[in-house]
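S.K.: This structure is in structure tokens; I'll ask about it shortly.
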Amino acid sequence: MLRFFRDPQTQEFLIAGTGQQHIEVVVSKMKRRYHTEVNLKAPKVPYRETIRGKADVQGRHKKQTGGHGQYGDWQDQDGTAAPRWRV
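With my numbering, the residue at position 78 of the sequence shown is 82, and numbering never jumps.
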């Protein structure tokens, strides 16, 4: 099944098929029958995520391998600044 449509968010014309070879065969038929050039490229991905609020985040790293081991603790308050490390 072949679909041809326009993405409303990115305003791109998209061809969807069952695989890469299916798309290439359709493009070659269009070139042969209608003498048109088609540029194939990966579709754009619309990102809709936005940071709207603040968050408190904390992470820990513990590794005990039979000696003194390793320990690390970090905190971040808004998710955009560089984290503060405490060792």
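C-beta: ideal position from N, C-alpha, C; glycine also.
What does DSSP give as the partner residue(s) for K66 in the beta ladder?
M.R.: Answer is Y75.
S.K.: Considering only residues of the same chain and omitting the five flanking positions on each side of K67, which have a CB-CB separation below 7 Å?
M.R.: G73 and Q74.
S.K.: For the beta strand (DSSP E) that I55 lies in, which residues bound it at each end?
M.R.: Counting along the chain, I55 falls outside any beta strand (DSSP E), and DSSP gives it neither H nor E.
S.K.: Is the CB-CB distance between P50 and Q13 below 8 Å?
M.R.: Going by C-beta atoms, P50 is nearer than 8 Å to Q13.
S.K.: Figure out for me which residue from G70, N43, T40 and Q81 has the closest Cα to the Cα of K58.
M.R.: Looking at the Cα atoms, Q81 is the closest of the given residues.
S.K.: Report the three-state DSSP secondary structure of V31 (helix, strand or coil).
M.R.: In this structure, V31 counts as helix in the three-state DSSP scheme.
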